[in-house]
Amino acid sequence: MKSIILGILFLLALTCHLNGQSSEQYIRSTLLKNTFDSYSFTPAPKRKLLDLSTKSFLSRINPANYLAAGILFVYQRIFSEQIQAQCKYVVSCSEYTKLSIQHHGLIMGSLIGLDQLSCCFPTVTVDYPEYLLNTKMQVINNGLDE
Amino acid sequence: MSKWFCGLFPLLMLFYNATSAQADKKLLHYLAVNKLWQEEAAYLHELPSKVPDDSLHYFWAKYYLQTGADSFFLSAYEKSKNLFLDDTGSSNLANIHFLVRPAGVRQKWFTSYDEKKGTPLSQSIRMVYDASERPLEANPQLLPDKLEDDFLQFRKSFHHKAWIAATLSAAVPGLGKLYAGRKASAGMTFILNSAYALQAYESYAKLGPRNAFTIYSIGLFGLFYTVNVYGSWHAVKEVRKERKTQFLIHAEEYYRFHYPNSLYF
Chain G
567 MKSIILGILF
577 LLALTCHLNG
587 QSSEQYIRST
597 LLKNTFDSYS
607 FTPAPKRKLL
617 DLSTKSFLSR
627 INPANYLAAG
637 ILFVYQRIFS
647 EQIQAQCKYV
657 VSCSEYTKLS
667 IQHHGLIMGS
677 LIGLDQLSCC
687 FPTVTVDYPE
697 YLLNTKMQVI
707 NNGLDE
Chain S
7 MSKWFCGLFP
17 LLMLFYNATS
27 AQADKKLLHY
37 LAVNKLWQEE
47 AAYLHELPSK
57 VPDDSLHYFW
67 AKYYLQTGAD
77 SFFLSAYEKS
87 KNLFLDDTGS
97 SNLANIHFLV
107 RPAGVRQKWF
117 TSYDEKKGTP
127 LSQSIRMVYD
137 ASERPLEANP
147 QLLPDKLEDD
157 FLQFRKSFHH
167 KAWIAATLSA
177 AVPGLGKLYA
187 GRKASAGMTF
197 ILNSAYALQA
207 YESYAKLGPR
217 NAFTIYSIGL
227 FGLFYTVNVY
237 GSWHAVKEVR
247 KERKTQFLIH
257 AEEYYRFHYP
267 NSLYF
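Keeping their order, the protein sequence lines are chains G and S.
The first sequence finishes on residue 712 if you use the numbering used here, and the numbering steps up by one all the way, no holes.
The second sequence finishes on residue 271 if you use the numbering used here, and the numbering steps up by one all the way, no holes.
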């Protein structure tokens with residue numbers, strides 16, 4: 567009988583201890599979150615190279631495609647991050663150009679990308695309807711033309 | 007409280023289903039209003055086999071309509087078409103819901119929708135859909151007053167031709183975009199092209215045609231000039247799509263505000 571009571575008491579003590587630990591952890595994590603959340607650093611999104619796997623054989627071996635991909639890769643990985651580029655579009659101009667090249671081919675894709683680049687300035691938002699603007703007043707340009 | 011509810015819910019359902027052969031609309035309404043999707047799906051899964059097939063599909067169609075699973079909804083709707091169309095509240099909600107869905111799904115819904123059982127509201131929504139598909143044939147006076155301006159803007163964009171925009175841009179950079187309705191972009195394109203043209207002209211005049219910088223400047227100007235022509239052509243098509251979507255979004259907001267419908271009452 568004694569051992570049962572002792573066992574129950576031990577379990578109760580253990581539960582209290584674990585509860586205390588979890589609440590302590592909770593307080594610690596909340597404190598850390600409240601103190602350092604505003605200083606958190608969001609790393610630049612990982613960007614893929616040009617994906618031409620679904621394209622024809624000729625576009626896969628076309629060196630111009632790879633040259634364009636290389637230029638965009640260097641820009642995105644080095645220059646864009648160094649100059650803290652702030653694009654007015656949700657899909658940035660370089661990313662949009664890359665996607666356009668992937669989708670429409672080198673010539674048309676470059677034209678579409680450069681067209682967006684030539685219109686990338688703060689007041690461009692007046693040209694777009696409300697539903698295409700997000701809370702940061704950026705233009706949502708997710709869809710590419712079929 | 008919610009943990010207790012989640013834990014007891016399956017047990018309650020087992021007990022409930024054993025005693026009832028009908029779906030409880032009040033319970034479904036409660037689950038729908040509180041967005042308890044998992045619980046609603048669990049309840050529908052556990053409905054007894056005595057419930058007729060078409061009414062089961064009817065409840066599933068309502069469930070998918072709320073959760074936005076369009077293809078599942080269309081499948082369930084096809085299996086319980088008569089029952090669903092008799093329920094005017096649900097069919098009106100589906101009509102309003104599909105106004106702002108992707109084009110393929112929207113077309114599938116409105117072509118499968120049976121107009122014979124339609125209410126005046128559903129006929130009005132149908133008119134809006136038809137106007138969005140064939141704007142040049144639609145009569146704007148038949149649409150609700152508050153949507154007339156949006157529709158006229160949308161229809162105006164259909165009168166603009168892409169080749170005219172491209173020609174205007176070739177004549178004066180940026181003019182095509184102005185024609186398409188993008189004023190800010192037009193101004194910027196004009197400034198950009200003028201700057202490149204001036205740079206090209208100046209380097210040609212001062213450094214001569216064989217200088218590397220002149221060739222570079224002329225090339226850059228040529229590239230942005232081509233982009234401007236293509237961009238104007240592209241802008242006309244883009245503006246059409248944007249105005250159509252804007253018109254449909256406003257129509258959806260209008261109908262949701264003026265004709266509130268509920269799925270269960």
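All C-beta atoms, glycine included, are put in the ideal place defined by N, C-alpha and C.
Can you look up residue i in the DSSP assignment and give me helix, strand or coil?
i: tyrosine 655 of chain G; result: strand
i: asparagine 23 of chain S; result: Low confidence applies to asparagine 23 of chain S: its pLDDT is 47, below 50, so where it sits in the model is not reliable, and the reading given next is rough at best. It is helical.
i: leucine 598 of chain G; result: helix
i: leucine 633 of chain G; result: helix
i: valine 705 of chain G; result: strand
i: leucine 62 of chain S; result: helix
i: leucine 254 of chain S; result: helix
i: leucine 699 of chain G; result: strand
i: aspartate 711 of chain G; result: With a pLDDT of 45 at aspartate 711 of chain G, under the threshold of 50, the predicted position of this residue should be treated as unreliable, though the coordinate-derived value follows. In the structure shown, aspartate 711 of chain G sits in coil (DSSP, three-state: anything other than H, G, I, E or B).
i: asparagine 40 of chain S; result: coil
i: asparagine 88 of chain S; result: helix
i: leucine 127 of chain S; result: helix
i: methionine 133 of chain S; result: helix
Consider the C-beta atom of residue i and the heavy atoms of the ligand ZN; say whether any pair is separated by less than 7 Å.
i: arginine 246 of chain S; result: In terms of ligand content, the structure shown is empty, and the ligand ZN therefore cannot be addressed.
Can the beta-carbon of residue i be found less than 8 Å from the beta-carbon of residue j?
i: lysine 243 of chain S; j: alanine 168 of chain S; result: yes
i: phenylalanine 227 of chain S; j: alanine 206 of chain S; result: yes
i: serine 625 of chain G; j: glycine 671 of chain G; result: yes
i: threonine 232 of chain S; j: leucine 677 of chain G; result: yes
i: methionine 703 of chain G; j: threonine 689 of chain G; result: no
i: isoleucine 131 of chain S; j: leucine 149 of chain S; result: no
i: tyrosine 662 of chain G; j: glutamine 682 of chain G; result: yes
i: tyrosine 260 of chain S; j: lysine 152 of chain S; result: yes
i: serine 209 of chain S; j: serine 223 of chain S; result: yes
i: tryptophan 115 of chain S; j: threonine 73 of chain S; result: no
i: proline 695 of chain G; j: glutamate 258 of chain S; result: no
Could you tell me if residue i is buried or exposed, where buried requires 16 or more neighbouring beta carbons within 10 angstroms of its beta carbon?
i: asparagine 708 of chain G; result: exposed
i: valine 39 of chain S; result: exposed
i: glutamate 52 of chain S; result: exposed
i: leucine 181 of chain S; result: buried
i: isoleucine 667 of chain G; result: buried
i: serine 658 of chain G; result: buried
i: alanine 218 of chain S; result: exposed
i: isoleucine 102 of chain S; result: buried
i: aspartate 155 of chain S; result: exposed
i: lysine 212 of chain S; result: exposed
Closer than 6 Å by C-beta to residue i: which residues in its own chain qualify, once you throw out the five before and the five after it? Chain order, please.
i: serine 734 of chain G; result: Outside the displayed span of chain G (567 to 712) sits residue 734 of chain G, for which this structure offers no information.
i: alanine 630 of chain G; result: Leu672
Please list, in chain order, all residues of the same chain as residue i whose beta carbon is under 7 Å from its beta carbon, the five residues on each side excluded.
i: aspartate 60 of chain S; result: Lys85, Ser86, Leu89
i: leucine 198 of chain S; result: Phe230
i: leucine 184 of chain S; result: Ala192
Might you give, ordered along the chain, the residues of its own chain that have their beta carbon closer than 8 Å to the beta carbon of residue i, omitting 5 neighbours on each side?
i: leucine 158 of chain S; result: Pro146
i: aspartate 617 of chain G; result: Gln668
- Please go through the stretch 181-220 of chain S and give each complete alpha helix (DSSP H) segment of 4 or more residues, from N-terminal end onward. The alpha helix (DSSP H) runs of length 4 or more contained entirely in the stretch 181-220 of chain S are, from start to end of the chain, 181-186, 189-213.
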